[in-house]
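S.K.:
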Amino acid sequence: MYDFNESKKLENNSNNIVERFEKVKLEIDQSIKNFEVKIAEMISNKELNDEQKHDIQKLGTIIKQVDDNLINLKDMLK
């Protein structure tokens, strides 16, 4: 004779497993989205840092030119 109680337990277990897998899948999807956001932020920060590095290099060049001009002016005033 077939045991319907066991069949029902197996069905419930199967449903529970499916629900748990779906929950895990959603958590993985959310983690992937979080990683994507973090990577986008890192890329943005790198671009900003590259711009700042370029600006600092330009500022260094300007300071060197001003320094050279001041030395030339000092030499002219001697």
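If you want the numbering used here, it's the position in the sequence shown, counting the first as 1, plus 771. Cβ atoms here follow ideal geometry from the backbone N, Cα and C, with glycine treated the same way.
#1: According to DSSP, simplified to helix, strand and coil, what is Lys780?
#2: Do you know offhand how far Asp839's Cα is from Lys829's?
#3: Using three-state DSSP, classify Lys804 as helix, strand or coil.
#4: For Lys829, which of helix, strand or coil comes out of DSSP?
M.R.: Quick answer:
#1: Helix, per DSSP.
#2: If you draw a straight line from the Cα of Asp839 to the Cα of Lys829, it is about 15 Å long.
#3: If DSSP states are grouped into helix, strand and coil, Lys804 belongs with the helices.
#4: Correct three-state label for Lys829: helix.
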